[in-house]
């Protein structure tokens, strides 16, 4: 893989996660914990470590899944899962 392609993938991952996570409950929790504890750099370290661990699991599972299940099936399942979660949220079940 060339450096241009690797840089493009890394930039896309950064931007997608930045946009998706901005203003979510994790960010709000981090702000509240930093304000309550008065130790923002420790909160930052903990939050970065947790996000890195969760991302590592997602990347590893995603890599394995794409070797077992065709990508179009993964997209279909993810779409159905999002619709189901949205429906449950709409009707106050979660």
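In the numbering used here, the protein residues as written are 2 to 95. Glycine included, C-beta positions come from ideal geometry on N, C-alpha and C.
To test your reading of the DSSP string, which unbroken alpha helix (DSSP H) runs of 4 or more residues are found completely within the region 23-59? 26-38
For the alpha helix (DSSP H) containing residue 87, name the first residue and the last one. 72-91
Own chain, CB closer than 7 Å to residue 31, minus 5 neighbours either side, in chain order: Here residue 31 has 44, 48 as same chain residues with Cβ atoms under 7 Å from its own Cβ, once five neighbours each way along the sequence are excluded.
If you draw a straight line from the C-alpha of residue 63 to the C-alpha of residue 82, how long is it? 16 Å
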